[in-house]
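Notes to accompany the following structure.
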Amino acid sequence: MKKYYPILISKQGELTAIQHLTQDVKDNICPVIEILEEILEKKIRLTKGMPKDTPRQKKYNDLLEKTLYTHWSFDGNKIIFDFTYFNFANGKFEVIKNVINSLLARKVNIIFAVQSNSEAQYLDSVKEWIKKYKINVCIRISRTIGNGFDGCNKDASELLERLNISSRNVMLLIDLGYANKDNFDLLFSTAKYATLLLTQKKKDWMGIIISSGSFPKDLSEFKTPNSVYTIKRYEWSIWEKIKKDEDFPLIKYGDYGTKYPIYEDAGYAGTISIRYTVDGNFFIYKGQKTDLHTDGHGQYISHCKKLTATEDYFGKDFSWGDMKIDEISKETIKNNKLVTGSAGTWVSISQNHHITHLHEIL
């Protein structure tokens, strides 16, 4: 078992974040990648002179495949694929199966997350991969999946039978979801309850991961632009309680980093803001939307200048994300996305720093 399980989405920003981790960090973490079918396709650019409203065809996008066989095929690698948000109705699963077969052949050690409501075609494929590649499996459990935490033992037992796999080759992911000041004590108790249930009859699981996240759904509650806000990291508060409790065997830590635990595709342009993780908190450097501020994307430069001037900044040598923050802080303030990067760039920067920091303190 690795020591840290960051839960990420299969979008370019988060894939870039793991590309730029140091090898020491890669060796000690196992990303959980929530697969979206959109990662498998990209729009073909319009030919010059064609009307802008011309429907654009799509072609296969090899970003996921290329990222993993280039950056995650090292000795001892582990990565979990989770299909919670995957749309099985549009035929894309056949495409991802080809990607998976290619990656497994290239020695990318994929562990498949399954749950009680997983699609039959997915479970059938996982069973085939188990037989062919002797892979491990991760059973994901949450309040909203199957029989919830009360019925997690039943759900886990049925999945073991369905896949014809021993608990010795299975890890458990207890996903607590969104944590805040009102529920983090309850979530700790829930984690303890589910762990005790799951280890009553079977004590030979590979390990148990407990995950949650406290980053909000959006930044709308932070009203004043050009301000710095602090959010307590309640997932870390839960973890600190777990470490002190003797009833938790073989527990490993997982979180969602600098994003909300429940994925929703944002269909709007957000503010120019940056997110930065320290031990027990997130810092938010809040800006405005580009059309509401004269500096536009240049607000990123202002935020970086402020952050690098504080004692909270880890220094340019700490991670790739911190190096990028330092580089951008030295730019002249101007509305130039080529200099500051886009929102996706800042997902990469914040998650790369977050993962590196969590690797350091776990």
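In the numbering used here, the protein residues as written are 9 to 370.
All C-beta atoms in this analysis are idealised placements derived from N, C-alpha and C, irrespective of residue type, glycine included.
This one's a predicted model, so the numbers in the text were calculated from it and none came from an experiment.
Backbone secondary structure at residue i - three-state DSSP
i, result
"Gly7", "Within the shown structure, residues of the chain are numbered from 9 to 370, placing residue 7 beyond reach of any answer."
"Ala121", "strand"
"Ser18", "coil"
"Leu71", "helix"
"Asn289", "strand"
"Ser337", "helix"
"Arg151", "coil"
"Arg283", "strand"
"Gly156", "coil"
"Tyr321", "coil"
"Ile175", "The sequence given here places Ser at residue 175; Ile does not occur at that position. Looking at Ser175 - three-state DSSP - the assignment turns out to be helix."
"Phe89", "strand"
"Ser228", "coil"
"Lys294", "strand"
"Val145", "strand"
"Gly278", "coil"
"Tyr77", "helix"
"Ser220", "strand"
Integer-rounded CB distance, given that residue j should sit under 8 Å from residue i
i, j, result
"Thr309", "Ile336", "Looking at the sequence shown, residue 309 is not Thr but Ile. About 6 Å separates the two Cβ atoms, so the contact holds."
"Ile259", "Ile216", "5 Å"
"Phe223", "Ile246", "The pair is not a contact, with the Cβ atoms about 14 Å apart (cut-off 8 Å)."
"Phe94", "Leu44", "7 Å"
"Met214", "Asn161", "Not quite, the Cβ-Cβ distance comes to about 17 Å (not below 8 Å), so this is no contact."
"Asp1", "Ile369", "This structure does not reach residue 1, given that the chain is present from 9 up to 370, and the question cannot be answered."
"Ile104", "Asn144", "In fact, because the Cβ distance is near 19 Å, the residues do not count as touching under 8 Å."
"Phe96", "Gln129", "7 Å"
"Phe290", "Arg241", "6 Å"
"Ala164", "Leu194", "About 22 Å separates the two Cβ atoms, so there is no contact after all."
"Ser150", "Arg114", "Contact flag wrong, Cβ pair sits at about 31 Å."
Residue interval of the beta strand (DSSP E) (run including residue i)
i, result
"Phe196", "No beta strand (DSSP E) contains Phe196, which is instead part of the alpha helix (DSSP H) from 192–208."
"Ala46", "The sequence given here places Glu at residue 46; Ala does not occur at that position. Note, Glu46: premise wrong, no beta strand (DSSP E); not H, not E."
"Val236", "235–240"
"Leu131", "Premise fails: Leu131 lies in the alpha helix (DSSP H), 128–141, not in any beta strand (DSSP E)."
"Ile37", "Careful: Ile37 lies outside any beta strand (DSSP E) and carries neither H nor E."
"Ile182", "178–186"
"Lys105", "It is not in any beta strand (DSSP E) - Lys105 instead sits in the alpha helix (DSSP H) that spans 100–113."
"Ile259", "259–263"
Pair within 8 Å by beta-carbon distance, residue i and residue j
i, j, result
"Pro269", "Gly221", "yes"
"Arg148", "Ala187", "no"
"Val181", "Ser219", "First, the amino acid is wrong: residue 181 is Leu here, not Val. Contact: yes."
"Thr75", "Leu111", "no"
"Asp279", "Lys294", "Just to set this straight, residue 279 is Thr in the shown sequence, not Asp. In this structure, Lys294 lies closer than 8 Å to Thr279 by Cβ."
"Leu315", "Tyr284", "yes"
"Gly352", "Gln20", "yes"
"Leu184", "Thr203", "no"
"Ile47", "Leu71", "yes"
"Trp328", "His28", "yes"
"His367", "Val116", "no"
"Thr77", "Tyr261", "Looking at the sequence provided, one finds Tyr at residue 77 rather than Thr. Not in contact: Tyr77 and Tyr261 (Cβ atoms no closer than 8 Å)."
"Lys211", "Asp253", "no"
"Lys338", "Asp330", "no"
"Lys297", "Ala277", "yes"
"Asp303", "Ile341", "yes"
"His311", "Ile282", "yes"
Any non-hydrogen atom of the ligand FAD within 7 Å of residue i CB
i, result
"His305", "This structure does not include the ligand FAD; it has no bound ligands of any sort."
Extent of the continuous alpha helix (DSSP H) to which residue i belongs
i, result
"Pro253", "Strictly speaking, residue 253 in this sequence is Asp, with Pro absent from that position. First-last for Asp253: undefined, no H or E at that position."
"Asp83", "Here Asp83 belongs to no alpha helix (DSSP H), and DSSP marks it neither H nor E."
"Ser310", "307–316"
"Asp6", "Any question about residue 6 goes unanswered here, given that the chain covers just 9 to 370."
"Ile369", "351–369"
"Lys345", "345–348"
Neighbour flag for residue i against chain B, beta carbons, 8 Å
i, result
"Asp163", "The structure shown has no chain B; it contains just one protein chain."
### Message
Does the contact criterion of 3 or more C-beta pairs under 8 Å hold for the region 354–367 versus the region 15–31?
### Response
yes
### Message
Can you confirm whether the region 23–41 touches the region 87–98 when touching is taken to mean that 3 or more C-beta pairs between the two stretches lie within less than 8 Å?
### Response
yes
### Message
With three or more C-beta pairs closer than 8 Å as the rule, is the region 137–145 touching the region 156–174?
### Response
Flag = yes, the region 156–174 and the region 137–145 touch.
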